[in-house]
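Engineer:
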Amino acid sequence: MQKYTFLVWPVISGVLIALLVLQFNPNFSTPASVTINRVDLTTIKSIPVKSTAITAENFVHSYADAVAKAAPAVVNIYINIKPTGQNQPTLSTSSEEHSSLGSGVILNQQGYIVTNNHVIDKADEIIVALQDGREALAKVIGTDPGTDIAILKIDLDRLPTIMIEESDSLRVGDVVLAIGNPFDFGQTVTKGIISAKSRNSVGLNRYENFLQTDAAINPGNSGGALINTHGNLVGISTAIFSKSGGSNGIGFAIPSSMALKVMRDLIENGRVIRGWLGVETQELTPELAESFGLSNVRRLSFSGSDYQWPCISSRLATGRFNLSL
59 MQKYTFLVWP VISGVLIALL VLQFNPNFST PASVTINRVD LTTIKSIPVK
109 STAITAENFV HSYADAVAKA APAVVNIYIN IKPTGQNQPT LSTSSEEHSS
159 LGSGVILNQQ GYIVTNNHVI DKADEIIVAL QDGREALAKV IGTDPGTDIA
209 ILKIDLDRLP TIMIEESDSL RVGDVVLAIG NPFDFGQTVT KGIISAKSRN
259 SVGLNRYENF LQTDAAINPG NSGGALINTH GNLVGISTAI FSKSGGSNGI
309 GFAIPSSMAL KVMRDLIENG RVIRGWLGVE TQELTPELAE SFGLSNVRRL
359 SFSGSDYQWP CISSRLATGR FNLSL
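Take 59 as the starting number for the sequence shown in our numbering and just add one per residue.
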């Protein structure tokens with residue numbers, strides 16, 4: 059019992075001494091190497107902080123609004139082609155085939171539709187199917203094989219239309235959406251970016267200035283809409299580069315800036331009016347100049363013309379040498 063008494067008293071004495079020290083020197087328990095900084099919360103508002111507002115311009119979680127705006131104006135196009143020999147009774151013929159071939163875009167309330175020329179080429183009958191379930195026979199207003207653009211017209215009321223935006227403002231990296239009818243699955247939307255602009259060596263058309271995109275474009279998308287994130291038309295889906303026949307991330311669309319003039323000419327005139335001189339030229343090489351007895355002259359030789367060509371009225375004739383026009 060005496061042993062435990064000796065152990066308890068030192069402990070009690072130590073506790074009492076510690077309490078007395080804290081009472082008269084409250085900072086004694088804080089090490090000298092530790093500093094406590096008190097922050098005045100009222101000054102936080104004065105600290106400059108850079109913040110980025112989350113808006114539709116820098117944070118897009120859905121493109122549903124753009125699709126809802128444009129999709130009703132995108133149509134499916136079906137064609138009928140009379141089998142070879144149908145007008146020859148002695149030959150056995152098969153029935154007409156009704157198959158999905160492409161897409162189109164309604165331009166205005168008058169029923170004008172833009173599509174690719176190769177979609178409706180050689181068609182005997184063209185059927186347009188709208189998103190709302192209506193169908194109508196279409197007639198061809200005009201075609202331009204050089205740009206692969208065709209204009210159709212249907213006679214229906216209350217037609218949905220699309221807003222056309224100049225594609226010149228597009229930048230490489232901008233998000234675009236392709237709307238069409240691939241493989242006759244029905245209207246389908248795919249997303250990608252503008253991969254390149256002004257592709258003019260693809261070898262598809264005579265006049266090329268394609269937008270390149272990685273938005274999936276498959277058979278049946280031809281003639282469909284390429285839209286921006288605002289739901290405005292910026293291109294007409296036209297072709298894909300593929301060895302397998304499926305989308306490999308390289309698709310091409312006719313830019314709206316190029317298509318606009320063609321569409322207007324086809325609607326107003328039924329054909330595209332382009333500048334036309336009507337001459338065939340040949341460079342005047344030193345060897346050719348020597349054969350004509352000329353030297354140290356840079357000229358252009360006209361190697362061919364036609365009596366109906368505009369150049370005739372300007373007195374430009376075959377074999378003539380010209381320094382300027």
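For each residue, glycine too, the CB sits at the ideal point set by N, CA and C.
When you compare each of Pro218, Asn174 and Ser227 to Gly44 by their alpha carbons, which one comes out closest?
Structural biologist: Any property of residue 44 remains undetermined from this structure, which presents the chain solely from 59 to 383.
Engineer: Please classify Leu346 as buried or exposed, where buried requires at least 16 other C-beta atoms within 10 Å of its C-beta.
Structural biologist: The residue given as residue 346 occupies position 288 in the sequence shown. Classification of Leu346: exposed, given that the 10 Å Cβ count is below 16.
Engineer: Got a sec, what are the start and stop residues for the alpha helix (DSSP H) Ala122 sits in?
Structural biologist: For the purposes of this step, residue 122 is taken as residue 64 along the sequence shown, with counting starting at 1. Note, Ala122: alpha helix (DSSP H), Ala122 to Ala128.
Engineer: Curious, which full-length alpha helix (DSSP H) runs of at least 4 residues does the stretch 148-225 contain?
Structural biologist: Listed in chain order, they are 175-178.
Engineer: For Asn134, write down the residues that DSSP places opposite it in a beta bridge.
Structural biologist: Working through the sequence shown from its first residue, we reach residue 134 at position 76. Paired residues: Ser161 and Ala187.
Engineer: By Cβ distance below 6 Å, which residues in the same chain neighbour Val247 in space, the five residues on each side in sequence not counted?
Structural biologist: The residue given as residue 247 occupies position 189 in the sequence shown. Around Val247: Val125, Leu235 and Ile237.
Engineer: Does Val292 pass the burial test, meaning 16 or more other C-beta atoms within 10 Å, or should it be called exposed?
Structural biologist: On the sequence shown, position 234 is the one that residue 292 refers to. By the 10 Å Cβ count, Val292 comes out buried.
Engineer: Tell me whether the beta-carbon of Ala297 lies closer than 9 Å to the beta-carbon of Leu269.
Structural biologist: Residue mapping note: residue 297 aligns to position 239 of the sequence shown, counting from 1. Residue mapping note: residue 269 aligns to position 211 of the sequence shown, counting from 1. Contact: no.
Engineer: In or out: Ile184 buried (at least 16 other Cβ within 10 Å) or exposed?
Structural biologist: On the sequence shown, residue 184 is found 126 positions in, with the first residue counted as 1. It is buried - the Cβ of Ile184 has at least 16 other Cβ atoms within 10 Å.
Engineer: If the criterion is Cβ atoms closer than 9 Å, does the pair Ile164 and Leu217 meet it?
Structural biologist: For the purposes of this step, residue 164 is taken as the residue at position 106 of the sequence shown. For the purposes of this step, residue 217 is taken as the residue at position 159 of the sequence shown. A contact, by the Cβ cut-off of 9 Å.
Engineer: Any idea what DSSP makes of Ser227, helix, strand or coil?
Structural biologist: Looking up residue 227 in the sequence shown gives position 169. DSSP places Ser227 in helix when its eight states are reduced to three.
Engineer: Just how far apart, CA to CA, sit Val186 and Ala129?
Structural biologist: The count along the sequence shown starts at 1 and reaches residue 186 at position 128. The count along the sequence shown starts at 1 and reaches residue 129 at position 71. Cα to Cα, Val186 sits roughly 15 Å from Ala129.
Engineer: Can you tell me the Cα-Cα spacing of Phe299 and Ser349, whole angstroms?
Structural biologist: Working through the sequence shown from its first residue, we reach residue 299 at position 241. Working through the sequence shown from its first residue, we reach residue 349 at position 291. Approximately 47 Å, taken between the alpha carbons.
Engineer: Roughly how many angstroms separate the alpha carbons of Gly204 and Arg264, rounded to a whole number?
Structural biologist: If you number the sequence shown from 1, residue 204 lands on position 146. If you number the sequence shown from 1, residue 264 lands on position 206. Each residue's alpha carbon lies about 5 Å from the other.
Engineer: Tell me the rounded alpha-carbon separation between Ala181 and Leu318.
Structural biologist: Residue mapping note: residue 181 aligns to position 123 of the sequence shown, counting from 1. Residue mapping note: residue 318 aligns to position 260 of the sequence shown, counting from 1. Looking at the two C-alpha atoms, the distance is approximately 24 Å.
Engineer: What are the residues that DSSP puts in a beta bridge with Arg264?
Structural biologist: Position 206 of the sequence shown, counted from the start, is the residue given in the question as residue 264. Note: Arg264 sits in no beta bridge, so no partner.
Engineer: What is the rounded straight-line gap between the Cα of Leu284 and the Cα of Arg322?
Structural biologist: On the sequence shown, position 226 is the one that residue 284 refers to. On the sequence shown, position 264 is the one that residue 322 refers to. One C-alpha to the other measures close to 19 Å.
Engineer: Tell me the DSSP secondary structure of Pro106 in three-state form.
Structural biologist: Start at 1 with the first residue of the sequence shown, and residue 106 comes out as number 48. Unreliable placement is indicated for Pro106, whose pLDDT of 47 sits below 50; the coordinate value is still reported in the next sentence. Here Pro106 sits in coil by DSSP.
Engineer: Thinking C-alpha only, which one of Phe241, Thr219 and His176 is nearest Asp202?
Structural biologist: Numbered from its first residue, the sequence shown carries residue 202 at position 144. Asp202 has its Cα closest to that of His176, out of Phe241, Thr219 and His176.
Engineer: Is Val320 helix, strand or coil by DSSP?
Structural biologist: Along the sequence shown, read from residue 1 onward, the residue named residue 320 stands at position 262. Helix, per DSSP.
Engineer: Give the DSSP-derived three-state secondary structure of Ile75 in the structure shown.
Structural biologist: Here the question's residue 75 lines up with position 17 in the sequence shown. Of the three classes helix, strand and coil, the one that applies to Ile75 here is helix, per DSSP.
Engineer: In its own chain, which residues sit with a C-beta less than 6 Å from the C-beta of Ser150, not counting the 5 before and 5 after it?
Structural biologist: Position 92 of the sequence shown, counted from the first residue, corresponds to residue 150. Residue confidence is low: Ser150 scores 42 on pLDDT, short of 50, so the model does not pin down where it sits. Its coordinate-derived value is still stated next. Excluding sequence neighbours, Ser150 sits near nothing in its chain.
Engineer: Do the stretch 217-231 and the stretch 240-257 touch if we need at least three Cβ pairs shorter than 8 Å?
Structural biologist: Taking 8 Å as the limit for Cβ pairs, the verdict is that the stretch 240-257 does touch the stretch 217-231.
Engineer: Let's see if you can read the secondary structure: which residues bound the beta strand (DSSP E) around Pro313?
Structural biologist: The residue you call residue 313 lines up with position 255 of the sequence shown. It spans Gly309 to Pro313 - the beta strand (DSSP E) in which Pro313 sits, taken as one unbroken run.
Engineer: Within this structure, are the beta carbons of Gln168 and Lys211 separated by less than 9 Å?
Structural biologist: Looking up residue 168 in the sequence shown gives position 110. Looking up residue 211 in the sequence shown gives position 153. Yes. Within cutoff.
Engineer: Among the candidates Arg192, Glu223 and Leu195, whose CA atom is the shortest distance from the CA of Asn290?
Structural biologist: Locating residue 290 in the sequence shown gives position 232, counting from the first residue. The shortest C-alpha separation from Asn290 is found at Glu223.
Engineer: Mapping the DSSP letters down to three states, classify Ala274 as helix, strand or coil.
Structural biologist: Numbered from 1 along the sequence shown, position 216 holds the residue referred to as residue 274. Note: Ala274 maps to coil in three-state DSSP.
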